[in-house]
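Each remark here refers to the structure printed beneath this line.
2 protein chains.
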Amino acid sequence: VPHHRLQIDQPVSVGLCTITGEEAHHAARVKRVAVGESVEVLDGRGGVGRGSVSALHKDRAGWTVDVTVESASVAERPLPALEVCSAIPKGAKLSEVIDGLAQVGAAAWRPLEAARSVREHWRPEKLECVAAEASKQCGRAWRMEIGTAITFGEASNGAEVIVADASGECFNGTGDAARLLVGPEGGWTGEELEQARAAGTRICRFGVHTMRIETAAIVAAGIIMNRPR
Amino acid sequence: VPHHRLQIDQPVSVGLCTITGEEAHHAARVKRVAVGESVEVLDGRGGVGRGSVSALHKDRAGWTVDVTVESASVAERPLPALEVCSAIPKGAKLSEVIDGLAQVGAAAWRPLEAARSVREHWRPEKLECVAAEASKQCGRAWRMEIGTAITFGEASNGAEVIVADASGECFNGTGDAARLLVGPEGGWTGEELEQARAAGTRICRFGVHTMRIETAAIVAAGIIMNRPR
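Taken in order, these protein sequences are the chains called A and B. Numbered according to my numbering, the first sequence spans residues 1 to 229. Numbered according to my numbering, the second sequence spans residues 230 to 458.
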């Protein structure tokens, strides 16, 4: 059984680590960690600490969980550092995108404003929670960033950009990839694709069928992160 | 805007195609297709027909939708013909697996009985509906099969089998792949991995982090279906 993982705000280091707030509450009441139990602490910046719970305490300010970190290490950042810019899918599907991208190792997600994007309300704080929860579950040492909105024009301009589209070549794992663009349900407009082609941006397909935003974003990012190097 | 797609039971051929039952009801009442509207019909065996609705009719037996098919073609079957055998995730996540696998182009899914598999109730008919719905949405011409349960011992024996596990080599796209095994939340047991290694079965990892069953199955299948050939 894998250890419980706790997210901390301060950089991981050997010694006493005091956790308060929501994370301490969650550890004490939902995960029900016990004194003496082995846990892992993650700072979201590569730091991974292993140790055990040395004290649990509740007062009027809430729960405090003390962890004695016995060993600390720094995990390598997964490469490429991939920024995924996608149109926002409807309803609860956006959380699915963030959850899946965190698991496949994307570095960041940003909402993409394409011509056919639907205006959907989204809360960065909620997505950061989803990313943090997924990161703890899959042992991810580097936080996934939730970035600000970017237009197709800005996002598609660059040497290491890949636009996902059925009209493109099959992605073959060559070349550097730093940003992946995934379009809205209605697809890119002809103008957008022309603009990307004119700028020399790579257009790649990542499967035989048209995928929905959430599947396309997660699968294409997984393929890019897993390319042979 | 893409055309509505309708699933039919008989092989696609040019001429009149009469659709009844649940599919006709769905087309008439949910998709609200109209007489004269362009539609695509799919028989799930590679047949793709293009035509238009020539009549809509309702009687005591329910809805009938007549489509006049003007052109018919046979789509190539996506290769490799990949059978994904996965442990059953909890709750609604199984539908997510089937939906995603249909989109990435897997040929079949079967429930895998591994040592740490949790017994979950599943209904093949429901999963076939999920696969059919996803197939229509993504324009998939070949039905995804929902197969019978298979044990790890049976499933891991074969030349073109890949066992997904963090301990394996990074999947590099070489070799034939006909079956992918994805383990339960608790992972494979040491005995299972030893058994697979002893049989010469490939063990591959498909990402930098441990993924949940549903993400692992969809992303690994997507990576295999997208390998350079």
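Built from N, CA and C at the ideal position, the CB exists for glycine as well. On a predicted model such as this, the values are computed, not experimentally measured, just so you know.
Just to check my reading of the structure: residue i and residue j have Cβ atoms closer than 8 Å, yes? What is that Cβ distance to the nearest angstrom?
{"i": "Arg205 of chain A", "j": "Asp165 of chain A", "result": "7 Å"}
{"i": "Val296 of chain B", "j": "Ser315 of chain B", "result": "Wrong, their Cβ atoms sit about 36 Å apart, outside the cutoff."}
{"i": "Val208 of chain A", "j": "Pro307 of chain B", "result": "4 Å"}
{"i": "Ile19 of chain A", "j": "Val448 of chain B", "result": "Not a contact, Cβ separation roughly 32 Å."}
{"i": "Arg140 of chain A", "j": "Glu160 of chain A", "result": "Wrong, their Cβ atoms sit about 22 Å apart, outside the cutoff."}
{"i": "Ala27 of chain A", "j": "His4 of chain A", "result": "7 Å"}
{"i": "Leu112 of chain A", "j": "Leu56 of chain A", "result": "Their Cβ separation, rounded to whole angstroms, is 44 Å, which puts Leu112 of chain A and Leu56 of chain A out of contact at 8 Å."}
{"i": "Val84 of chain A", "j": "Ala106 of chain A", "result": "5 Å"}
{"i": "Gly100 of chain A", "j": "Thr444 of chain B", "result": "5 Å"}
When you compare the CB of residue i with every CB in chain A, is at least one pair closer than 7 Å?
{"i": "Met440 of chain B", "result": "yes"}
{"i": "Arg372 of chain B", "result": "no"}
{"i": "Arg194 of chain B", "result": "Here chain B has residues from 230 to 458 only, and residue 194 of chain B is not among them."}
{"i": "Arg369 of chain B", "result": "yes"}
{"i": "Phe381 of chain B", "result": "no"}
{"i": "Ile391 of chain B", "result": "no"}
{"i": "Gly376 of chain B", "result": "no"}
{"i": "Gly329 of chain B", "result": "yes"}
{"i": "Asn386 of chain B", "result": "no"}
{"i": "Gly275 of chain B", "result": "no"}
Would you identify the three-state DSSP class for residue i, choosing helix, strand or coil?
{"i": "Asp9 of chain A", "result": "coil"}
{"i": "Pro340 of chain B", "result": "strand"}
{"i": "Thr148 of chain A", "result": "coil"}
{"i": "Lys287 of chain B", "result": "strand"}
{"i": "Ser385 of chain B", "result": "coil"}
{"i": "Leu82 of chain A", "result": "coil"}
{"i": "Thr478 of chain B", "result": "Coverage of chain B is limited to positions 230 through 458, which leaves residue 478 of chain B absent and any answer about it impossible."}
{"i": "Glu169 of chain A", "result": "strand"}
{"i": "Gly91 of chain A", "result": "coil"}
{"i": "Gly250 of chain B", "result": "helix"}
{"i": "Arg227 of chain A", "result": "coil"}
{"i": "Arg348 of chain B", "result": "coil"}
{"i": "Val65 of chain A", "result": "strand"}
{"i": "Arg45 of chain A", "result": "strand"}
{"i": "His26 of chain A", "result": "helix"}
{"i": "Glu305 of chain B", "result": "coil"}
{"i": "Lys260 of chain B", "result": "coil"}
{"i": "Pro212 of chain A", "result": "For the sequence presented, residue 212 of chain A should be read as Arg rather than Pro. Coil at Arg212 of chain A, not helix or strand."}
{"i": "Ala428 of chain B", "result": "coil"}
For residue i, decide whether its Cβ has a neighbour in chain B, counting only Cβ atoms nearer than 7 Å.
{"i": "Val41 of chain A", "result": "no"}
{"i": "Gln7 of chain A", "result": "no"}
{"i": "Pro78 of chain A", "result": "yes"}
{"i": "Ile223 of chain A", "result": "yes"}
{"i": "Gly15 of chain A", "result": "no"}
{"i": "Pro228 of chain A", "result": "yes"}
If you drop the 5 nearest sequence neighbours on each side, which residues of the same chain put their C-beta closer than 7 Å to that of residue i?
{"i": "Ile223 of chain A", "result": "Phe171, Phe206"}
{"i": "Asp405 of chain B", "result": "Pro309, Glu389"}
{"i": "Trp188 of chain A", "result": "Ala114, Asp165"}
{"i": "Ala196 of chain A", "result": "Ser156, Val163, Ile203"}
{"i": "Arg227 of chain A", "result": "Gly173"}
Please work out which residues of its chain come closer than 8 Å, Cβ to Cβ, to residue i, disregarding the five sequence neighbours upstream and downstream, and give them in chain order.
{"i": "Cys17 of chain A", "result": "Ile8, Gln10, Val41, Gly49, Gly51, Asp66, Val67, Thr68, Val69"}
{"i": "Val347 of chain B", "result": "Ala316, Ile317, Lys319, Pro413, Glu414"}
{"i": "Ala132 of chain A", "result": "Gln7, Gly44, Arg143"}
{"i": "Ser71 of chain A", "result": "Val14, Gly49, Arg50, Gly51"}
{"i": "Lys365 of chain B", "result": "Arg234, Leu235, Gln236, Leu271"}
{"i": "Cys367 of chain B", "result": "Ala331, Gln332"}
{"i": "Thr64 of chain A", "result": "Thr18, Ile19, Thr20, Ala24, Ala55, Leu56, His57, Lys58"}
{"i": "Asn157 of chain A", "result": "Ala199, Thr201"}
{"i": "Ala378 of chain B", "result": "Arg339, Pro340, Leu341, Glu342"}
{"i": "Trp351 of chain B", "result": "Ile317, Leu323, Pro340"}
{"i": "Lys260 of chain B", "result": "His233"}
Who are the Cβ neighbours of residue i in its own chain at under 6 Å, not counting the five residues just before and after it?
{"i": "Gly147 of chain A", "result": "Ala108, Arg110"}
{"i": "Glu423 of chain B", "result": "none"}
{"i": "Gly46 of chain A", "result": "Val74, Ala75, Ala141, Trp142"}
{"i": "Met440 of chain B", "result": "none"}
{"i": "Glu349 of chain B", "result": "Ile317"}
{"i": "Arg202 of chain A", "result": "Ile162"}
{"i": "Glu128 of chain A", "result": "Ile146"}
{"i": "Thr151 of chain A", "result": "Glu113"}
Name the DSSP bridge partner or partners of residue i?
{"i": "Ser300 of chain B", "result": "B:Arg279"}
{"i": "Ala393 of chain B", "result": "B:Cys433"}
{"i": "Gly101 of chain A", "result": "This sequence places Leu at residue 101 of chain A; Gly is not what is there. DSSP, once it has assigned bridges, lists no residue as partnering Leu101 of chain A."}
{"i": "Val39 of chain A", "result": "A:His4, A:Gly51"}
{"i": "Val182 of chain A", "result": "A:Ser86"}
{"i": "Val219 of chain A", "result": "The partner list for Val219 of chain A (beta bridge, DSSP) is empty, contrary to what the question assumes."}
{"i": "Arg235 of chain A", "result": "Any answer about residue 235 of chain A is impossible in this case: the structure gives chain A only from 1 up to 229."}
{"i": "Gly244 of chain B", "result": "B:Val298"}
Find the residues of chain E that neighbour residue i, judging by a C-beta separation of less than 9 Å, and give them in chain order.
{"i": "Gln332 of chain B", "result": "Absent here is chain E; the protein component of the structure consists of chains A and B."}
Indicate, with yes or no, if the ligand GDP has a heavy atom lying under 6 Å from the CB of residue i.
{"i": "Ile391 of chain B", "result": "Ligands displayed in this structure: none; no statement on the ligand GDP is therefore possible."}
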